[in-house]
Amino acid sequence: MSSNNDAQGEQLALIRESVRKAKAKAPRAKPRTWRGAELAGRLPVARVLVDKGPVHLDKLWDYAVPAELDEDARPGVRVRVRFGAGTRNVRDGRREGGGLLDGFIVDRVEESEYRGPLAAIAQVLSPEPVLGPRLLSLCRAVADRYAGSLADVLQLAVPPRHARIEAEPSPALLPPPKVPAAGSWERYPTGRAYLEALARGDAPRAVWTALPGPHWAEELARAAAAALASRRGALVVVPDGRAAARVDAALTGLLGEGRHVLLTADTGPEERYRRWLAVSRGSVRAVVGTRAAMFAPVRDLGFVAIWDDGDSSHSEQHAPQPHAREVLLLRAAQEKAAFLLGAFGCSVEAAQLVRTGWALPLAAERERIRAVAPLVRTVGDGDLARDEAARAARLPSLAWQTAREGLRHGPVLVQVPRRGYVPRLACERCREPARCGHCAGPLEARDGGTLHCGWCGTEARDWHCPECGGARLRAQVVGARRTAEELGRAFPAVPVRTSGRDHVLDTVPGTPALVVATPGAEPVAEGGYAAALLLDGWALLNLPDLRAGEEALRRWLAAAALVRGQEAGGRVVVVAEPTLRPVQALVRWDPAGHAVRELAEREELGFPPVSRMASVSGPPEAVAEFLALAELPPGADVLGPVPLPAAVAGRPRRPGDAPVGERWERALVRVRPGRGAALAAALKTAQAVRLTRREGAPVRLRMDPPDIG
DNA sequence: AGCACGCCGACT
DNA sequence: GTCGGCGTGCTC
1 MSSNNDAQGE
11 QLALIRESVR
21 KAKAKAPRAK
31 PRTWRGAELA
41 GRLPVARVLV
51 DKGPVHLDKL
61 WDYAVPAELD
71 EDARPGVRVR
81 VRFGAGTRNV
91 RDGRREGGGL
101 LDGFIVDRVE
111 ESEYRGPLAA
121 IAQVLSPEPV
131 LGPRLLSLCR
141 AVADRYAGSL
151 ADVLQLAVPP
161 RHARIEAEPS
171 PALLPPPKVP
181 AAGSWERYPT
191 GRAYLEALAR
201 GDAPRAVWTA
211 LPGPHWAEEL
221 ARAAAAALAS
231 RRGALVVVPD
241 GRAAARVDAA
251 LTGLLGEGRH
261 VLLTADTGPE
271 ERYRRWLAVS
281 RGSVRAVVGT
291 RAAMFAPVRD
301 LGFVAIWDDG
311 DSSHSEQHAP
321 QPHAREVLLL
331 RAAQEKAAFL
341 LGAFGCSVEA
351 AQLVRTGWAL
361 PLAAERERIR
371 AVAPLVRTVG
381 DGDLARDEAA
391 RAARLPSLAW
401 QTAREGLRHG
411 PVLVQVPRRG
421 YVPRLACERC
431 REPARCGHCA
441 GPLEARDGGT
451 LHCGWCGTEA
461 RDWHCPECGG
471 ARLRAQVVGA
481 RRTAEELGRA
491 FPAVPVRTSG
501 RDHVLDTVPG
511 TPALVVATPG
521 AEPVAEGGYA
531 AALLLDGWAL
541 LNLPDLRAGE
551 EALRRWLAAA
561 ALVRGQEAGG
571 RVVVVAEPTL
581 RPVQALVRWD
591 PAGHAVRELA
601 EREELGFPPV
611 SRMASVSGPP
621 EAVAEFLALA
631 ELPPGADVLG
641 PVPLPAAVAG
651 RPRRPGDAPV
661 GERWERALVR
671 VRPGRGAALA
681 AALKTAQAVR
691 LTRREGAPVR
701 LRMDPPDIG
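All residue numbers for the first sequence refer to the working numbering, where the first residue is 1 and numbers rise by one.
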């Protein structure tokens with residue numbers, strides 16, 4: 001009988017086990033290392049996180065601490081340990097073979113749970129405790145949140161070592177600064193109260209819709225300074241080096257030198273490590289930097305802030321691709337710190353933080369917004385059709401007039417689309433994006449001319465627009481770059497400056513000039529631009545992305561925020577349909593309202609961030625096997641898999657793309673709100689099982705995939 | 001990942 | 001008897 005067989009099998013297993021135990025000698029409470037080398041008297045067991053190497057299942061390994069390493073082998077230090085099934089000489093427990101791997105001591109304990117002889121720590125690489133308990137638990141939370149391995153996250157969080165820098169002493173900690181004045185925070189009804197709460201040592205959480213203009217950097221600096229004044233630390237994460245330099249300058253103006261550091265990519269590795277160590281050692285308590293700074297081990301963290309969370313550079317490029325906003329949210333929760341998310345726009349995630357009550361909105365009153373924001377006017381299709389001049393010159397009359405008038409008073413910004421975007425299919429008549437009838441994913445044209453859903457792959461035959469009944473689709477591309485050049489020729493007396501991907505200008509003088517820039521590369525003009533022309537409306541709105549509207553609005557607001565207020569004559573012209581929601585939000589300067597409506601719609605359609613999504617990509621068999629194996633949380637929705645676009649010429653390579661020449665598929669898994677953690681855990685488990693069993697090719701996992709059409 | 005172990009068939 | 005295939009499991 002099968003039960004009999006089972007019993008026999010168990011018995012055999014027991015016998016095998018007891019034989020093995022006999023061979024390995026009886027379990028011992030205290031570790032005994034090879035040749036009875038002397039062990040540390042107290043806490044002779046080190047719990048080690050092995051950093052690189054094979055599929056460690058995110059577990060800790062116990063090692064013996066030799067007496068001579070007792071002093072240095074403190075929690076948090078980097079060590080080298082022998083790891084791997086080497087040749088074991090059972091008689092005296094000596095081990096040979098097995099590779100030396102890097103790791104971190106996480107803890108020192110009296111006894112090991114491990115029933116067997118412990119190997120000894122081979123070397124303490126440095127006595128510097130670089131992985132403290134706070135940083136470790138943050139990294140663990142990030143790994144869990146993103147279905148990634150702890151080792152991957154540690155690689156993002158702990159910079160590589162430079163022995164020479166460690167030998168230098170860090171500067172002495174300066175006394176906390178005085179509580180800063182509220183300054184331009186007074187422009188917000190609750191601004192002063194927010195600052196006072198920080199200075200008092202409270203942990204206020206806010207989503208801040210910043211007024212247009214240059215004050216935001218100063219305001220971030222004041223908030224950080226208020227946290228420092230409460231004897232706590234502060235961390236400010238911004239999207240790029242230019243923004244970081246502005247906050248850095250504001251902090252220096254407020255606090256002088258020595259109370260904060262700037263951590264950005266363009267600091268060399270050694271200087272960067274010097275600054276990181278100063279933070280880790282607690283001699284500097286404030287950090288401003290780009291996304292890698294999100295892990296900076298600030299002591300007694302009292303305040304975290306992120307500027308412009310909608311900017312895609314807040315997404316880490318390396319596995320498991322955590323987003324700075326999410327990491328700072330975890331930090332604020334774990335370390336009970338204040339939280340400030342600021343932007344000219346408002347991401348849907350930010351709106352959700354307000355909706356759930358986790359953060360309070362911090363915004364100016366309507367009247368003040370109207371005063372400091374430029375006057376925004378639109379040019380839609382109807383206007384263009386009626387506009388003879390526009391058809392001839394491919395630029396609407398209103399834009400000409402606005403540029404001409406603006407150039408009499410100062411510089412004029414022209415925002416043009418960047419090359420390399422793929423427009424999304426939309427109804428030709430009403431421009432409603434074409435969506436799948438089954439799962440509401442975006443429709444895409446395949447080579448054969450058929451229409452398919454980009455999420456679930458269902459073919460859409462006989463498509464009709466649900467809004468207006470139209471049956472024709474369009475994916476138009478406008479040549480606005482050329483238009484900008486033409487504009488330059490039309491004003492020969494005026495200098496033309498360009499700022500784009502490879503050549504980004506930081507500032508331009510306040511004298512008349514045409515400044516042509518791609519989104520995100522707009523220079524700041526001294527005294528503000530007199531006017532701005534936003535020529536990329538259609539192109540931005542038709543990016544094949546769920547966030548196209550939000551993203552278009554974000555970029556328009558970022559450009560328009562550099563323009564003088566309407567009371568000072570500031571004017572903006574946007575070439576886009578005035579009936580579209582993001583366009584209306586720009587005209588009314590109401591980003592928060594836009595985000596709230598967008599959030600409601602996402603909720604209705606079951607889109608992220610209201611639902612949570614993950615993508616699973618890899619060779620078709622691997623994706624199928626993975627999905628069959630994974631024990632997804634109840635109610636999980638699997639969309640697809642669909643073929644992934646191979647890396648092709650003409651489109652910039654994206655991180656999610658299949659390797660060249662390989663045919664990959666991608667499935668999306670969607671769960672209800674609140675099930676994100678369970679989804680991540682299920683995916684991580686399935687991945688671990690497949691990797692240890694070596695079942696087929698591994699799949700690539702991505703939580704919150706950014707490019708879901 | 002390596003590297004052992006172990007349980008099978010084919011050989012000097 | 002002994003050598004060696006690779007399937008399974010462990011690495012402190």
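Glycine residues also receive a C-beta, built at the ideal position from the N, C-alpha and C atoms. Source: prediction; values computed, not measured.
The region 263-317 contains, as complete alpha helix (DSSP H) runs of 4+ residues, the segments 269-280 (chain order). G406 is not a Cβ neighbour of A244, given a cutoff of 8 Å.
Within the model, the alpha-carbon separation for G528 versus G537 is close to 22 Å. The way I'd put it, the region 575-586 does touch the region 548-556; three or more beta-carbon pairs between them come closer than 8 Å. Around the beta-carbon of Q415, 16 or more other beta-carbon atoms lie within 10 Å, marking it buried.
With a threshold of 16 other beta carbon atoms within 10 Å, S312 falls short and is exposed.
Assigned with DSSP and collapsed to three states, T692 falls in helix. Rounded to whole angstroms, the Cβ separation of I105 and G76 is 7 Å, and the two are in contact under 8 Å. Cβ-Cβ distances below 6 Å link V496 to G488 and L514 in the same chain, with the five nearest sequence neighbours on each side left out; the list follows chain order. In the DSSP assignment, I105 is bridged to V48. Excluding sequence positions up to five before and after V45, its CB lies within less than 8 Å of the CB of P31, D62, Y63, A64, V65, R108, V109, E110, E111, S112 and L118, all in the same chain and listed in chain order. Remark: C-beta atoms of R325 and L301 do not approach each other more closely than 8 Å. Linking A350 to V623 through their CA atoms gives a straight-line distance of about 33 Å.
Partner residues in the beta bridge of I121, as assigned by DSSP, are V81. Between A343 and V575 the beta-carbon gap is near 23 Å, outside 8 Å, which marks them as no contact. By the CB criterion at 8 Å, D240 and T290 fall inside the cutoff. DSSP places R547 outside both helix and strand once states are collapsed to three, so it counts as coil. The beta carbons of A224 and L251 sit closer together than 8 Å. Contact between P417 and V563 does not hold, since their C-beta atoms are separated by about 19 Å, which reaches or exceeds 8 Å. E444 is the residue among E444, P159 and T267 whose C-alpha sits nearest the C-alpha of V642. Non-local C-beta neighbours of D72 in its own chain, meaning closer than 6 Å and more than five positions away in sequence, comprise V124 and P127, ordered along the chain. Under the three-state reduction of DSSP output, Y194 falls in the helix class.
Around the Cβ of C453, a 10 Å sphere holds 16 or more other Cβ atoms; the residue is buried.
Between V279 and V298, the C-beta spacing is below 8 Å. Scanning its chain for C-beta atoms nearer than 6 Å, with the 5 sequence neighbours on each side dropped, one finds around A227 the residues L198, A234, G302 and F303, in chain order.
Around the Cβ of E467, a 10 Å sphere holds fewer than 16 other Cβ atoms; the residue is exposed. Residue nearest to A143 within the set H162, P519 and R702 is R702 (criterion: CA-CA distance). Along the length of the region 358-385, whole alpha helix (DSSP H) runs at least 4 residues long occupy 366-372, reported in chain order.
If you look at F339, you'll find it in the beta strand (DSSP E) that goes A338 to A343. Only exposed fits A37, as fewer than 16 other CB atoms lie within 10 angstroms of its CB. Beta-bridge pairing by DSSP links E444 to H452. Checking the DSSP bridge columns, you'll see V573 partnered with R377 and L533. In terms of Cβ geometry, A667 and G640 form a close pair [threshold 8 Å]. Taking the Cβ atoms as the reference, A403 lies roughly 44 Å from G437, outside the contact range of under 8 Å.
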